[in-house]
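A short worksheet on the structure shown next.
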Amino acid sequence: MERMYNEKDLEQAIRRTAPGDPPVPDFEGWQKRHAEAVSMLRNPSDKKMADDPSGTWVIRFGKTLMEKRQVRFGAVAAVLLIALAIVTLDRGTNIAWSMEQTVEAIEQVKTLYIEGTVVWPFGAEPGVVPFRYWVQAPTENSPLKMRGEIKRHIMIAKGDTVYECWSDTKTAQAQYGPAITDLKYWYKAAEVGPWVIRQMPEMIQQYATDWRQSTDRDPNTGKERILATCTYPPSNMSFLLVVDPDTKLVESAKLWGNLQHEGEPYIDAKRFVYNEKYPDELFELPADTTIINQKDTEESRALFDQGENLFHKEKKYAEAIEIYWRVYITYPKLNVAEEALMMIGLCHGRLEQHDKAIEVYQKATREYPHLKGWIDATWFYLGREYMKIGQNAKAIDAFENCLKAGEGVRDPETFPLANAREFLASLKGE
Amino acid sequence: MLRLREDNERAAVEAACKGDSEALAGLYERYYAVMVWVAYSVLLDRGLAEDAAQQAFAKAYVKMRGLKRVDRFGPWLTTICRNAAQDMARARRRDTALQKIAVVEEAAQSGSDGFDRAVKEAVDGLSPMYREVVVLHYYSGMSYSHIESVLNISGDRVKGRLARARKQIQTCLEKEGFRREQ
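Taken in order, these protein sequences are the chains called A and B. No gaps in the numbering here: position 224 of the first sequence is 228 in this note's numbering, and each next residue is one more. No gaps in the numbering here: position 121 of the second sequence is 153 in this note's numbering, and each next residue is one more.
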C-alpha cells in the first residue's frame with residue numbers, strides 16, 4: 005500500500021536526517037592541532053620550510069604522526085631514529101660531546117632494539133601501550149630489515165617491502181615501496197638515519213629550537229649521563245634524549261605532543277640495546293601466513309564496490325547478492341570476504357529472506373571469528389534477524405557475541421555496540 | 033549586504049595572509065560549519081567530516097599566500113575541503129561503509145513508518161554534486177545565495193541542482209512505497 009507525503013513532510017524529513025548538532029568551530033583547539041599551519045602563516049620565515057623538500061617532510065611527518073595507525077607505528081621508529089641523529093649535533097660546551105665521535109659511534113651500530121610505550125589512540129580502548137622495535141642495518145648481502153610490534157599489530161620491513169599483519173590472524177598485507185602511502189615516513193626515516201647520517205642532523209639543526217643540555221647521574225647505577233632537550237614548534241613536539249657520555253649513544257628518549265616536555269609522552273623509549281645479533285626468523289612472517297598483495301586488494305575492492313552500488317544506490321538486492329558471493333569465492337582470505345558475507349546477509353534481510361540471512365551470518369561468524377573488521381556488526385545483524393522471526397533467546401546470544409567481538413576494537417557508544425546493548429536491554433526487559 | 037560581506041572577507045583574507053590571528057579566527061569561524069557539511073556530503077560521516085574540515089583549513093592556511101583571487105576564498109577553501117574529504121573517503125572506505133550501514137540501521141530503528149529511513153537512504157544515494165547542495169541547504173540551512181557564493185556557481189544552478197536532487201529523492205521514495213501528494 006502506498007503511503008502519501010507532501011513537500012513539507014519531505015523537507016522536514018531531510019532536515020531530521022542531518023547527523024548531530026550543528027558544527028561548532030573551535031579555533032583554539034584547531035590551532036593546537038595544526039600549529040604548523042598557523043606557524044607558517046604567521047611567520048614568513050617559516051615559508052621556506054614549506055618550499056624545502058626536506059623541511060616539508062619533517063612538517064608532514066609531525067602533522068600526521070598522531071593521526072594514522074600505521075604512521076604512528078612507523079613514527080615510533082622514525083622519531084627514535086631522529087633521536088639518534090640529534091645526538092650527532094655539536095651543541096657547544098659539553099666536553100662529552102663531539103660530532104665526529106658520535107657519528108663514528110652510530111656508524112658502528114649494526115643492530116638496534118628499542119622498547120618502551122606509545123600513546124595508542126586507536127580502537128575502543130585507547131591508552132598507553134608497550135612497543136618493541138628491531139632494526140638491522142643493511143649489508144652487501146642483506147637489505148635493511150625492521151620489525152615493530154604494538155599490541156597485536158606487527159610490521160615487518162625487508163628492503164622495499166613492508167608486511168603488515170596481526171598476531172591473531174594468518175594473513176599479512178604486503179605493501180611495496182612505490183605503493184606505500186601511509187608507510188612512507190617509516191621508509192623515509194630508515195633512509196635518513198641512523199645509517200645515512202648526514203641529512204637528519206642538518207634538518208634538526210635547522211628547525212629544532214630551544215636546545216638545552218645538562219648532566220646528571222643515573223639513579224640506579226650512579227653513572228653520569230647527558231640530558232639533551234629540544235623543541236620542534238611547527239609540529240608542536242618536544243624531545244628529551246638521555247645519552248651515554250662514553251659511547252655517545254642514546255640510552256632512552258621521550259617525545260611529547262607539546263613544547264613544554266609535559267604530561268604523558270607520546271613515545272617513551274625506555275631502553276636501547278645496540279649490536280645484538282638477531283636470528284633471521286625475527287624478520288620473517290610465520291610459516292603459514294597468507295600474503296595478500298596490493299593487486300588482489302584493489303581488484304576485490306572494485307568488485308565489492310559493484311555490489312555496494314547495487315545495494316545502496318540501485319537497491320537491486322538479488323543482483324548484489326551475486327556480486328558479493330563472487331567476492332567471497334574469489335578472495336576468501338581477504339577481509340573483504342567477511343564484509344561481503346555480511347552484505348549478503350543484509351541483502352537477504354531486505355528481501356525478507358530471514359532464514360537465508362541467518363544462514364549467511366552464521367557462516368561468517370564460523371569462518372571469520374577473529375577478524376575485527378566486521379564480525380561485531382555481523383553478530384548484530386544476526387541478532388536482528390533472530391528478533392524478526394521471534395527467536396529472542398538466540399537474538400540475545402548474538403547481541404552478546406556482538407559486544408564481545410567489538411570489545412576493545414570499536415567505540416562502545418557507537419554502532420553496533422550501542423545498538424546491541426539497547427536491544428539486549430529491551431529483550432531482557434530491563 | 034552580500035557586497036559588504038565580500039569586502040570584509042577580502043580584507044580578512046589579506047590580513048590573515050599577513051599573520052593576523054583575529055582575521056584567521058574570523059575566517060575559521062565563518063567557514064567551519066559550511067566546510068563540515070561540504071565534507072559530510074562526500075564522507076557521510078559527521079566525525080570524519082569534522083576531521084576533513086580541519087585538515088582543509090590547515091592546508092588552506094599553508095597555501096594562503098599563494099591565493100591569487102582573494103575574493104574567491106570561499107570556493108577555493110571548498111575545493112580544498114572537498115578534495116581532503118575525497119582523500120579521506122578513499123583511505124577509510126571500510127569505516128565509512130560501516131557508518132553508512134549504521135546510519136541506515138539506526139534510521140530504520142527510529143524512523144516513523146520507515147519514511148525517515150527511506151529519505152536518509154535517498155539523500156545518501158544522491159551523487160555527490162546533488163548531495164552537496166541538499167546538505168548545505170537542508171542540513172546547514174544555507175540560502176541559495178550563500179550556497180552560490182561558497183560553491184562559486186550561479187543561483188540558477190543551485191536551484192536546478194536542488195530541484196533535480198528532490199526529484200531523485202522522490203523517485204527513490206516511490207520505490208519504497210511513498211508517493212508525493214499532487
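All C-beta atoms, glycine included, are put in the ideal place defined by N, C-alpha and C.
9 angstroms Cβ cut-off: residues of chain A touching residue i
i: Tyr176/B; result: Within 9 angstroms Cβ-Cβ: nothing; Tyr176/B doesn't reach chain A, min ~14 angstroms.
For residue i, the nearest candidate out of the options (CA to CA)
i: Pro23/A; options: Glu206/B, Ser172/B, Arg198/B; result: Ser172/B
i: Pro283/A; options: Asp309/A, Phe403/A, Thr115/A; result: Thr115/A
i: Asp518/A; options: Arg305/A, Gln264/A, Lys12/A, Lys162/A; result: Missing from the structure shown is residue 518/A; chain A here goes from 5 to 434 and no further.
i: Arg114/B; options: Ala65/B, His178/B, Ala71/B; result: Ala71/B
i: Lys29/B; options: Trp108/B, Asp77/B, Ile179/B; result: Chain B is shown only over 33 to 214; residue 29/B falls outside these bounds and no answer can be derived.
i: Tyr162/B; options: Ile185/B, Leu194/B, Tyr64/B, Gln86/B; result: Leu194/B
i: Arg149/B; options: Pro160/B, Ile201/B, Gly106/B; result: Ile201/B
i: Ala44/B; options: Glu164/B, Met96/B, Ser159/B; result: Met96/B
i: Arg212/B; options: Ile400/A, Ile362/A, Tyr9/A, Asn405/A; result: Tyr9/A
i: Ala161/A; options: Lys174/A, Lys155/A, Pro142/A; result: Pro142/A
i: Trp138/A; options: Leu338/A, Tyr236/A, Val132/A, Ile154/A; result: Ile154/A
i: Phe210/B; options: Ser177/B, Val151/B, Leu168/B; result: Val151/B
i: Val66/B; options: Arg198/B, Ser181/B, Gln118/B; result: Ser181/B
i: Asp415/A; options: Val102/B, Gly79/B, Glu208/B; result: Gly79/B
i: Arg305/A; options: Asp292/A, Ala341/A, Ala291/A; result: Ala341/A
i: Arg259/A; options: Pro269/A, Thr251/A, Lys252/A, Leu253/A; result: The sequence given here places Leu at residue 259/A; Arg does not occur at that position. The option with the nearest alpha carbon to Leu259/A is Pro269/A.
i: Phe384/A; options: Lys367/A, Leu407/A, Ile393/A, Ala397/A; result: Leu407/A
i: Ala422/A; options: Arg354/A, Asp401/A, Asp380/A; result: Asp380/A
Contacts of residue i in chain A (Cβ-Cβ under 8 angstroms)
i: Arg163/B; result: The contacting residues do not exist; Arg163/B stays about 11 angstroms from chain A at best.
i: Val166/B; result: Ile18
i: Arg212/B; result: Met8, Tyr9, Asn10, Glu11, Leu14
i: Lys199/B; result: Going along chain A, no residue has its Cβ under 8 angstroms from Lys199/B, so there is no contact; the nearest lies around 11 angstroms.
Helix, strand or coil at residue i [DSSP, three-state]
i: Leu253/A; result: coil
i: Tyr321/A; result: helix
i: Tyr335/A; result: coil
i: Asn423/A; result: helix
i: Met174/B; result: coil
i: Tyr365/A; result: helix
i: Thr219/A; result: strand
i: Ala273/A; result: strand
i: Ile393/A; result: coil
i: Leu431/A; result: helix
i: Leu148/A; result: coil
i: Arg414/A; result: coil
i: Gly131/A; result: strand
i: Tyr385/A; result: helix
i: Leu69/A; result: Since pLDDT at Leu69/A reaches only 33, below the 50 mark, its modelled position is unreliable, and the value read off the structure follows with that caveat. Reduced to three states, the DSSP call for Leu69/A is helix.
i: Ser242/A; result: strand
i: Tyr328/A; result: helix
i: Gln140/A; result: strand
i: Gly226/A; result: coil
i: Leu116/A; result: strand
i: Lys281/A; result: coil
i: Leu289/A; result: coil
i: His358/A; result: helix
Listed by chain order, chain B residues near residue i by CB distance under 8 angstroms
i: Pro29/A; result: Tyr60, Glu61, Tyr64, Ala65
Residues that residue i contacts on chain B, provided the C-beta gap is smaller than 7 angstroms
i: Trp34/A; result: Tyr60, Gln86, Phe89
i: Arg37/A; result: Gln86
Residue i Cβ short of 7 angstroms to the ligand HEM heavy atom set
i: Pro23/A; result: Looking at this structure, you won't find the ligand HEM or any other ligand, since it has none at all.
- When Cβ atoms are compared, which residues of the region 7 to 26 of chain A fall closer than 9 angstroms to chain B? Arg7, Met8, Tyr9, Asn10, Glu11, Asp13, Leu14, Glu15, Ala17, Ile18, Arg19, Arg20, Thr21, Ala22, Pro23, Gly24, Pro26
- Message: Beta carbons nearer than 8 angstroms to chain A: which residues of the region 52 to 73 of chain B have them?
- Response: Ser53, Leu56, Ala57, Tyr60, Glu61, Tyr64, Ala65, Val68, Trp69, Tyr72
- Message: Output needed in chain order: residues of the region 308 to 336 of chain A with a Cβ under 8 angstroms from some Cβ in chain B.
- Response: Glu312, His316, Lys317, Lys319
- Using a beta-carbon distance cut-off of less than 8 angstroms, what residues from the region 414 to 425 of chain A approach chain B? Thr418, Phe419, Pro420, Asn423
- Query: At a Cβ cut of 7 angstroms, what residues of the region 77 to 92 of chain B count as close to chain A, listed as they run along the chain?
  - Reply: Arg78, Glu82, Gln86, Phe89, Ala90
- Item | chain E contacts from the region 180 to 196 of chain B (Cβ-Cβ distance under 8 angstroms) | Of the protein chains in the structure, A and B, none is chain E.
- Item | Within 8 angstroms of chain A by C-beta, residues of the region 144 to 159 of chain B in sequence order | Asp145, Phe147, Asp148, Val151, Lys152, Glu153, Val155, Asp156, Gly157
- Message: At 4 residues or longer, what runs of the alpha helix (DSSP H) sit wholly inside the region 52 to 127 of chain B?
- Response: 53 to 75, 78 to 95, 105 to 123
- Length at least 4, wholly inside the region 176 to 203 of chain B: the alpha helix (DSSP H) runs in chain order: 176 to 183
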